[in-house]
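Here is the structure we will look at, set down as C-alpha cells.
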Ligand code: ADP
Ligand code: MG
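In the working numbering, the protein residues as written are 1217 to 1459.
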C-alpha cells in the first residue's frame, strides 16, 4: 500500500489564532480514515487544507507525492483528484439534478457532453436516485440532495473523497441513506477522509480513527483501539460525552 495523502508537521493559523499545530498523518490508498473531535478542534480546516481550499503556513501536504506547498503544483489539478462533500449540499438551484452532476466534468474536465451525461446517469443509479435526473434541487429531501452532491463529486472521477460532516444537517431518518452510499464507496476501495459524529459509522467503516483536539492529533488507532482502549485520557473524556 502507498500513502496517497501525506501530512507532515502542518501548522495553520488565522492571525494569532493557531488552528492546526504539528499535525502529521498519512492516509493509505483505499483507506477510510474517520476524524472525530470537539467543535473547533480544526477538523474542517484540516480537510480544507487537504484539497487546497486553505493554505497552511508551515509543514507539508503531499497528494500522490505532489506537494501542495510547491508553487509548481496546480491546485486545480489537485482539486479534480480530491472530491469534497460538505454539510451543506450547495447544489445549483437553477439546474436539474443531472445538469448539476454534468457541469464540472464538462466545464473543468472538458468531457464530451454525451459521455458526461452517461456517467451522470450511471452515478445517479449508484446513489439510488435514477428517477430524479430531471428534478430540481428544491424538490429533493436533504438525504436525496446529499446523495446528489456525492454523485456530483464522484463525476469528476476523484482518487480521494473528503467528507465534512455530510450527515450533520440531515433529519435523523435520512442519515442512514447517505451513510449507506458512503459505505458502498468505501467497499469499492475509495480512499476517504470522513469528519463525522456518527460513531457507529466510524466503528464499522473506518480503517483508522483520528481524535483531534485544539488543533492537534491526540490519538490515532483502529476503531477498536480508539473506542475500546483509548490510550489518552482526553480521548476517553471526549468519547464519554458522545457515546
Ligand atoms: P471544527 O471543524 O473541528 O469544528 P474548524 O476547523 O472549523 O473546527 O475551526 C477551528 C478553529 O479555526 C476555530 O477556532 C475557528 O473559529 C477557526 N476558524 C476556522 N475557519 C476560520 C476562518 N476562515 N477565519 C478565522 N478563523 C477560522
Ligand atoms: Mg467543522
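Just so you know, even glycine gets a beta-carbon here, dropped at the ideal spot from N, CA and C. Please read these numbers as outputs of a predicted model, since none were measured by experiment.
Query: Report yes if the CB atom of residue 1431 is closer than 8 Å to the CB atom of residue 1257, and no otherwise.; Result: yes
Query: Whose CB is closer than 5 Å to a heavy atom of the ligand ADP? List the residues in chain order.; Result: 1230, 1235, 1255, 1256, 1257, 1258, 1259, 1260 and 1261
Query: Would you say residue 1251 touches the ligand MG, meaning its beta carbon is less than 7 Å from a heavy atom?; Result: no
Query: May I ask which residues mark the beginning and end of the alpha helix (DSSP H) holding residue 1292?; Result: 1291-1297
Query: Out of curiosity, what's the CA-to-CA distance linking residue 1407 and residue 1398?; Result: 11 Å
Query: Among 1277, 1270 and 1453, which residue has its Cα nearest to the Cα of residue 1240?; Result: 1277
Query: Any idea if residue 1458 is buried or exposed, counting beta-carbon neighbours within 10 angstroms, 16 or more meaning buried?; Result: exposed
Query: Counting beta carbon pairs with one atom in the region 1412-1421 and one in the region 1225-1234, are three or more of them shorter than 8 Å?; Result: no
Query: Select from 1361, 1296, 1438 and 1367 the residue whose C-alpha is nearest the C-alpha of residue 1342.; Result: 1367
Query: If I follow the unbroken beta strand (DSSP E) through residue 1228, where does it start and stop?; Result: 1219-1230
Query: Tell me whether residue 1241 sits in a helix, a strand or coil according to DSSP, three-state version.; Result: strand
Query: Between the Cα of residue 1333 and the Cα atoms of 1349, 1251, 1290 and 1385, which residue gives the shortest distance?; Result: 1349
Query: Give every residue of the same chain whose Cβ lies closer than 8 Å to the Cβ of residue 1414, excluding the five residues on either side of it in the sequence, and list them in chain order.; Result: 1383, 1391 and 1395
Query: What's the C-alpha gap between residue 1403 and residue 1288?; Result: 34 Å
Query: Using 7 Å as the cut-off, classify the Cβ of residue 1270 as near or not near the heavy atoms of the ligand MG, replying yes or no.; Result: no
Query: Between residue 1372 and residue 1331, is the Cβ-Cβ spacing less than 8 Å?; Result: no
Query: Please state the DSSP three-state secondary structure of residue 1407.; Result: strand
Query: Report yes if the C-beta distance between residue 1247 and residue 1423 is below 8 Å; otherwise report no.; Result: yes
Query: Taking the continuous beta strand (DSSP E) assigned at residue 1305, which residues delimit it?; Result: Element bounds for residue 1305: n/a, residue is neither H nor E.
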